[in-house]
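Structure first, commentary second.
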Amino acid sequence: MHRFRELLKKLLRIEDTPERTALAFSIGIFLGFSPFLGLHTLTGLAVAFLFKLNWVAVLLGVWSNTPWWLVPYYTLATWVGMRMIGYEFHWA
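Sequential numbering of the sequence shown, starting at -4, is according to the working numbering.
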């Protein structure tokens, strides 16, 4: 809990403009939708340091939407793969 408070303080006490913070967060959300599973955090950190954005805002954006699309992504990927190889799926 202490670590979360420190990250929250860092986010709230930034010296960037609100527009720049919103940009960092929105870039994080965009990166969270990338198909490179497992690399979201590393990609977010790289982009944050490359463009000198607030890394906490970028990571909060990345982490805010990643779990929401994993189940539909894997479901669709499995369905497409089964269709490609001609496999019929049966629940029982």
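Don't be surprised by glycine CBs; every beta carbon is placed ideally from N, CA and C.
Neighbour-count burial assignment, residue i, 16 or more Cβ in a 10 Å radius
i          : result
residue 43 : buried
Closest by C-alpha distance to residue i, when choosing among the options
i          : options        : result
residue 12 : 76, 77, 49, 68 : 49
residue 0  : 28, 78, 51, 73 : 51
residue 57 : 63, 35, 64     : 35
residue 10 : -4, 47, 83     : 47
Straight-line gap, residue i to residue j (C-alpha atoms, nearest Å)
i          : j          : result
residue 7  : residue 19 : 14 Å
residue 59 : residue 24 : 7 Å
residue 69 : residue 76 : 10 Å
residue 5  : residue 67 : 33 Å
residue -4 : residue 55 : 16 Å
residue 38 : residue 26 : 7 Å
residue 71 : residue 41 : 29 Å
Range covered by the alpha helix (DSSP H) that runs through residue i
i          : result
residue 48 : From DSSP, residue 48 is part of no alpha helix (DSSP H); its letter is neither H nor E.
residue 9  : Run containing residue 9: none; DSSP gives neither H nor E here.
Rounded distance between the beta-carbons of residue j and residue i, thought under 8 Å
i          : j          : result
residue 74 : residue 28 : Not confirmed; about 19 Å, so no contact.
residue 22 : residue 53 : 6 Å
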